[in-house]
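Each residue of the sequence shown is one higher than the one before, counting from 9 in our numbering. Ideal Cβ placement from N, Cα and C applies to all residues, glycine included. What follows is a short report on a single structure.
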Amino acid sequence: MNTPATAHPAEALVLARITPAVIERAGRIRLMAFDVDGILTDGRLWYGENGEALKCFNALDGHGLSLLRESGIGIALVTGRKGVILARRAAELGISTVLQGVRDKVSALSDLAREQGCTLAQTGFMGDDIIDLPVLQRAGLAVSVPNAPTYVAQAAHWVTSRAGGDGAVRECCDVILAAQGRLRAFFGPRPFTTSGPTQ
9 MNTPATAHPA EALVLARITP AVIERAGRIR LMAFDVDGIL TDGRLWYGEN GEALKCFNAL
69 DGHGLSLLRE SGIGIALVTG RKGVILARRA AELGISTVLQ GVRDKVSALS DLAREQGCTL
129 AQTGFMGDDI IDLPVLQRAG LAVSVPNAPT YVAQAAHWVT SRAGGDGAVR ECCDVILAAQ
189 GRLRAFFGPR PFTTSGPTQ
């Protein structure tokens, strides 16, 4: 894992407000699982006249998930709800592990970790509601969002600055990639600078 002194400038920027303990946990992650409603979405459900539920996904979050996948980190979507919209979004992002209608997320994450050949200490979970509390308390990296109930957020190792459905997942993905020194690979050969474009 990189220290701030040796990190790529973009990685140092991402990790600047993250505690060393969280950076250490993020540096171990080989599998990251995400709840959906309130995490990948803002939690609102829109119903059409025929009763279909509509959800809004954030493109930045989707790109963050793609960056994780391209970096070789396993991704799973684990939700208590069921619906075809999530399957479609996951397919667009190349995410094959989508578990819907899950009530026992601890067992689901344990099974996924075993399948991936990693421990719970090497797995992360991002959630925002009571159903997520048991798995947040067991995951190696527990992440929540500022719009989660206080008693859920306080169970997390880290709470993102962005709200669910508004870039929180991207923020989480960037932290994991930066902690592992993998974010730099997406900037190409041109040096990254925080001082703006050079002439």
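Residues near residue i in its chain [Cβ-Cβ closer than 7 Å; skip 5 each side]
{"i": "Ala164", "result": "Leu144, Ala150, Val151, Ser152"}
{"i": "Arg36", "result": "Ala129, Gln130, Gly148"}
{"i": "Leu141", "result": "Val160, Ala163"}
{"i": "Asp182", "result": "Val22, Gly72, Leu191"}
Residue i in three-state terms, based on DSSP
{"i": "Leu23", "result": "helix"}
{"i": "Arg178", "result": "helix"}
{"i": "Phe65", "result": "coil"}
{"i": "Arg192", "result": "helix"}
{"i": "Val153", "result": "coil"}
{"i": "Gly132", "result": "strand"}
{"i": "Lys113", "result": "helix"}
{"i": "Thr158", "result": "helix"}
{"i": "Asp140", "result": "helix"}
{"i": "Leu75", "result": "helix"}
{"i": "Gln145", "result": "coil"}
{"i": "Arg33", "result": "helix"}
{"i": "Ala15", "result": "coil"}
{"i": "Leu94", "result": "helix"}
{"i": "Asp50", "result": "coil"}
{"i": "Gly80", "result": "coil"}
{"i": "Gly70", "result": "helix"}
Residues bridged to residue i (per DSSP)
{"i": "Leu85", "result": "Phe42, Val106"}
{"i": "Tyr55", "result": "Ala61"}
{"i": "Val2", "result": "With the chain covering 9 to 207 only, the question about residue 2 has no answer from this structure."}
Sequence-distant residues of the same chain with beta carbon closer than 8 Å to residue i, five excluded per side
{"i": "Thr206", "result": "Interpretation of Thr206 is limited by its pLDDT of 37, a score under 50 that renders its predicted location unreliable; the figure taken from the coordinates is listed afterwards. So the list is empty, once near-sequence residues are dropped."}
{"i": "Arg178", "result": "Asn66, Leu68, Asp69, His71, Gly72, Arg170"}
{"i": "Leu53", "result": "Asp45, Ala61, Leu62, Lys63"}
{"i": "Asp38", "result": "The residue asked about is misnamed: residue 38 is Arg in this sequence, not Asp. Cβ within range, chain order: Ile81, Gly82, Gln124, Cys126, Gln130, Thr131."}
{"i": "Gly51", "result": "Asp45, Asp136, Asn155, Gly172, Gly173"}
{"i": "Pro28", "result": "none"}
{"i": "Ile47", "result": "Met134, Gly135, Asp136, Val153, Gly172, Gly173, Ala176, Val177"}
Supposed close pair residue i, residue j - CB separation, criterion 8 Å
{"i": "Leu85", "j": "Val44", "result": "6 Å"}
{"i": "Ala116", "j": "Val106", "result": "Contact doesn't hold; Cβ gap of about 11 Å is too wide."}
{"i": "Ile81", "j": "Met134", "result": "In fact, because the Cβ distance is near 13 Å, the residues do not count as touching under 8 Å."}
{"i": "Ala34", "j": "Ile184", "result": "5 Å"}
Beta-carbon contacts of residue i that lie in its chain and below 6 Å, excluding the five residues immediately before and after
{"i": "Ile139", "result": "Gly88"}
{"i": "Ile93", "result": "Lys63"}
{"i": "Gly109", "result": "Lys90"}
{"i": "Val30", "result": "His165, Trp166"}
Chain D contact for residue i (CB, 8 Å cutoff)
{"i": "Lys63", "result": "Protein chains in the displayed structure number just one, and chain D is not present."}
Cβ contact (3+ pairs, closer than 8 Å) linking the stretch 171-187 and the stretch 63-82: yes
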